[in-house]
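See below:
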């Protein structure tokens, strides 16, 4: 990998040369993400026209503010060439491999007023796998840099088992939990995606240079920052929204009271994603963040990779729409019925006795509640027992 | 302590001799708890008349079934004498020290169809403190016998800190978590109550003979089983309903997948009590029960004694009524509002920024939700920030 900039290098012909790609490469360079005004502007008049107007400075004031400082920087072809020399490419919304569905959560968030959650104009991607394929289904595993042995072991096990079951493991390539999750996925010969807060050709953190190479060789290193961009504190927070969006759910393994992982978790919750937290000893400062997320109701407890899959299910059922639907459909349930609903799983049928034990609701009341849930379409009864339906969150059965 | 029965001993005069006390002592001896039919019968015609009719066998069939096997056993005076010789007494509902309020949860449960949750006809109490005084406010701390060092340390710390703050610590005097909780309370020179599944004069478990003596000297050993009654498996489960009822909330520190502590927790939930579970490593089999309770929505996470107090608040606010009120009052809140409500504390005011961080709800939306909660009486704003009101659970502010 190199951070050297070679202006003499001439970009190849082909996709790198297409005007839309060049326009988006230019726009990623001239505006520091997130740039909501620019994104909306591109949505109105298209990337090529938007780029032309940004160059000439004839744009609405909000767009001008986001682009005035750098609009004269013309490095699109150079960035595309540098990416290529690092085994990377620019994936744009016009490409088949654009992860439209996962990123839809960002557009929906913006429409709910979270302007900072704007979708990226394009993504620099290092590695050969198609981005959309890796992002569906995917699970984000995040956590503290200063992880304990317990946290690292859990992250590695979750990364391994989820990758082994066909889920791409999305994380941030940081030391600690992130690295352990990526390594676990690689050890299972599975897919893993590192979303970084710098250029995809920048070796950061330095100690993960080899890990990043292995991730790129077996999965993808992704960033909205142009090649050569150094990491910066605010970029990690901006980057976190992409990790939260690309994962159907986010699993927090360990987190201090104030931590980036916690920021990713609250972002995922704001995007309507499932947020899961791994509990730990209350005597461990590295579990405080997880327990806070649980106490605040932002995250639910998870103790095994199987439970992650049970909660998250297939990606499509976990988009903001599905979650929104759940929020509506489970409103106004009796306390007993909603406890029973919580005790039901999406994919593994359970008998009323098991549900009673899980929920602490008396069996007689469980039976009544199950009927109530069936009538409202939140549960269904099969030969092997009762299951939560997609309307109730967790998505339809995988078969 | 002695289990020897000395029929020659003549009971003292005074309260031990009063007919109602004698009647209830007789009834506790002739029916194995729980005896819902007998309890209802006593409610209808009074203890003295009920005892007379039970003796003669002229009672409704359900009552007969509960009493026929032992109705000829006349040991009331002997039991009262043996209790007295063990430093114990029989506390009856007619006494000022009867814990009417805590036990009300049992009557309410029965009226909801949980017949097994019937309130005791009377309670054998060893120790000098007034029972009602110790039961208000009280917190139940329960857990595994085969506790880990982590669990024992946490139980001891919780027992100590809660007792130090004036809460009586209720538990079952078993090895492991129970013992650690009692010892923690004693170390703080606080009150602690052991509810046992045998006679209050029976040294069980043998290894806790001294502990039981210390509990009786500084608090109370309580049982609905007559003096000399040996422990039995089913009696532990029957006993658990009393632990769950006497505590304004139940804290589960460690529990295996199938455990008595778990039974106490689900019973407490069925009684409308607050149930709190201490998380632990997902790699520890002794934390499985806690995590299951959390995942099933039966318990909420607790990581410190302060959080216990924050959730439980004063006893009166945590009766089933209050909890029922919460179940009603928070129904139909928007997802954001209910997240914000979860992130508010009863006693410690929080600023919107803190609530946003806790809840993962954007600040703008937090402000709107707080107003919504204020209008519905679920939150109130003071000089130091926002607090959850009693209507929203957790009870009114302690001042």
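Chains as they are written, first to last, in the working numbering: chain A, 1 to 399; chain B, 1001 to 1399.
Cβ coordinates follow ideal geometry from the N, Cα and C atoms, glycine included.
The structure presented is a predicted model; accordingly, all values stated were derived computationally and were not measured.
Counting only the same chain and skipping the five closest in sequence on each side, list residues whose C-beta sits under 8 Å from that of residue 68(A).
-> Translated into positions along the first chain, residue 68(A) becomes position 68. So the list reads 57, once near-sequence residues are dropped.
Residues that residue 1292(B) contacts on chain A, provided the C-beta gap is smaller than 8 Å | Residue numbering aside, residue 1292(B) sits at position 292 when the second chain is read from its first letter. Correct list: 358.
Around the Cβ of residue 1369(B), are there at least 16 other Cβ atoms within 10 angstroms (buried) or fewer (exposed)?
-> Within the second chain, numbered from 1, the residue matching residue 1369(B) stands at position 369. Flag for residue 1369(B) reads buried.
Under the rule that 16 or more other beta-carbon atoms within 10 Å means buried, what is residue 274(A), buried or exposed?
-> In the first chain, residue 274(A) corresponds to position 274, counting from 1. It counts as buried.
Residue 1388(B) at chain A interface by Cβ criterion, 9 Å = Translated into positions along the second chain, residue 1388(B) becomes position 388. Chain A contact via Cβ: absent.
Would residue 223(A) be called buried (16 or more neighbouring beta carbons within 10 Å of its own) or exposed?
-> For the purposes of this step, residue 223(A) is taken as the residue at position 223 of the first chain. The residue in question, residue 223(A), is buried, as its Cβ has 16 or more Cβ neighbours within 10 Å.
By how many angstroms is the C-alpha of residue 188(A) removed from the C-alpha of residue 1341(B)?
-> Your numbering for residue 1341(B) matches position 341 in the second chain. Your numbering for residue 188(A) matches position 188 in the first chain. Each residue's Cα considered, the two are about 42 Å apart.
Check whether the Cβ of residue 1288(B) lies closer than 9 Å to any Cβ atom in chain A.
-> As a first step, residue 1288(B) is located in the second chain; it is residue number 288 there, counting from the start. So yes, residue 1288(B) belongs to the interface.
Taking residue 400(A) as the reference, give the member of 203(A), 120(A), 251(A) with the closest Cα.
-> What the structure shows of chain A is the stretch from 1 to 399, and residue 400(A) is not part of that stretch, so it cannot be assessed.
What do you get for residue 208(A), buried or exposed, if any count of 16 or more other CB atoms within 10 angstroms of its CB means buried?
-> As a first step, residue 208(A) is located in the first chain; it is residue number 208 there, counting from the start. By the neighbour-count rule (16 or more Cβ atoms within 10 Å), residue 208(A) is buried.
What residues in its chain sit with their C-beta under 6 Å from that of residue 1024(B), if we drop five residues either side in the sequence?
-> Along the second chain, read from residue 1 onward, the residue named residue 1024(B) stands at position 24. The answer, listed in chain order, is 1047, 1092, 1121, 1122.
Between residue 1312(B) and chain A, is there a C-beta pair that is closer than 9 Å?
-> Taking the second chain and counting its residues from 1, one reaches residue 1312(B) at position 312. Judged by the 9 Å Cβ criterion, residue 1312(B) is not in contact with chain A.
In chain order, each beta strand (DSSP E) run of at least 3 residues that lies wholly inside the region 181-216 of chain A | 192-195
Along chain A, which residues have their Cβ under 9 Å away from the Cβ of residue 1239(B)?
-> Within the second chain, numbered from 1, the residue matching residue 1239(B) stands at position 239. Those do not exist, as residue 1239(B) stays about 18 Å from chain A at its closest Cβ, beyond 9 Å.
Return yes when the Cβ of residue 173(A) is within less than 9 Å of the Cβ of residue 400(A), no when it is not.
-> Examination of residue 400(A) is not possible in this model, given that chain A is present from 1 through 399 alone.
Okay, do the region 1256-1271 of chain B and the region 1201-1216 of chain B touch, 3+ Cβ pairs below 8 Å being the bar?
-> no
Classify residue 220(A) as helix, strand or coil using the three-state DSSP reduction.
-> Within the first chain, the letter at position 220 stands for residue 220(A). Strand at residue 220(A).
Could you tell me if residue 1287(B) is buried or exposed, where buried requires 16 or more neighbouring beta carbons within 10 angstroms of its beta carbon?
-> As a position in the second chain, residue 1287(B) is number 287, starting the count at 1. Classification of residue 1287(B): buried, given that the 10 Å Cβ count is 16 or more.
Could you tell me the boundaries of the alpha helix (DSSP H) in which residue 1422(B) lies?
-> With chain B covering 1001 to 1399 only, the question about residue 1422(B) has no answer from this structure.
With a Cβ-Cβ cutoff of 9 Å, do residue 166(A) and residue 137(A) count as a contact?
-> Here residue 166(A) corresponds to residue number 166 of the first chain, with the count starting at 1. Here residue 137(A) corresponds to residue number 137 of the first chain, with the count starting at 1. Going by C-beta atoms, residue 166(A) is nearer than 9 Å to residue 137(A).
At a Cβ threshold of 9 Å, is residue 1233(B) touching chain D?
-> Looking at the structure shown, chain D is missing, and the protein chains on hand are A and B.
Residues of the region 1269-1282 of chain B whose Cβ lies closer than 7 Å to any Cβ of chain A, in chain order | 1269, 1270, 1278, 1279, 1280, 1281, 1282
Counterpart residues of residue 1090(B) in DSSP-defined beta bridges | Position 90 of the second chain holds residue 1090(B). According to DSSP, residue 1090(B) bridges with 1124(B).
By Cβ distance below 8 Å, which residues in the same chain neighbour residue 29(A) in space, the five residues on each side in sequence not counted?
-> The sequence position of residue 29(A) within the first chain is 29, counting from 1. Correct list, in chain order: 70, 73, 75, 76, 79, 226.
Do we get a CB-CB distance below 9 Å when we pair residue 1303(B) with the residues of chain A?
-> In the second chain, the residue the question calls residue 1303(B) occupies position 303. Cβ-Cβ to chain A under 9 Å: yes for residue 1303(B).
Would you mind reading off the limits of the beta strand (DSSP E) that contains residue 1141(B)?
-> As a first step, residue 1141(B) must be located in the second chain, where it is residue number 141. Note, residue 1141(B): beta strand (DSSP E), 1138-1142.
So, residue 219(A) versus residue 181(A), is the Cβ gap smaller than 9 Å?
-> Taking the first residue of the first chain as 1, we reach residue 219(A) at position 219. Taking the first residue of the first chain as 1, we reach residue 181(A) at position 181. Contact flag unset, no.
Residue-chain proximity (residue 297(A), chain B), Cβ-Cβ < 9 Å | Within the first chain, numbered from 1, the residue matching residue 297(A) stands at position 297. Cβ-Cβ to chain B under 9 Å: yes for residue 297(A).
Indicate the three-state DSSP secondary structure (helix, strand or coil) for residue 32(A) in the structure shown.
-> Start at 1 with the first residue of the first chain, and residue 32(A) comes out as number 32. Three-state DSSP puts residue 32(A) in coil, outside helix and strand.
Enclosing beta strand (DSSP E) for residue 250(A) [first to last residue] | Working through the first chain from its first residue, we reach residue 250(A) at position 250. That run of the beta strand (DSSP E) goes 249-252.
Grab me the residues of residue 277(A)'s own chain with a C-beta within less than 6 Å of its C-beta, minus the 5 sequence neighbours each way, in chain order.
-> In the first chain, residue 277(A) corresponds to position 277, counting from 1. Hits under 6 Å: 252, 290, 293, 294, 299.
Using a C-beta cutoff of 9 Å, does residue 396(A) count as contacting chain B?
-> The residue given as residue 396(A) occupies position 396 in the first chain. Caution applies to residue 396(A), whose pLDDT of 30 falls short of 50 and renders its modelled position unreliable; the value that the coordinates give is listed next. So no, residue 396(A) is outside the interface.
May I have a chain-ordered list of the beta strand (DSSP E) segments no shorter than 3 residues that lie completely inside the region 335-389 of chain A?
-> 379-382, 385-388
When the cut-off is 9 Å and only beta carbons count, does residue 317(A) lie next to chain B?
-> Counting from one through the first chain, the residue named residue 317(A) turns up at place 317. With a pLDDT of only 40 at residue 317(A), under the threshold of 50, the placement of this residue in the model should not be trusted, and no figure is reported.
Could you spell out the range, first to last residue, of the beta strand (DSSP E) harbouring residue 169(A)?
-> If you number the first chain from 1, residue 169(A) lands on position 169. That run of the beta strand (DSSP E) goes 168-171.
What's the C-alpha gap between residue 1150(B) and residue 199(A)?
-> Position 150 of the second chain holds residue 1150(B). Position 199 of the first chain holds residue 199(A). Looking at the two C-alpha atoms, the distance is approximately 44 Å.
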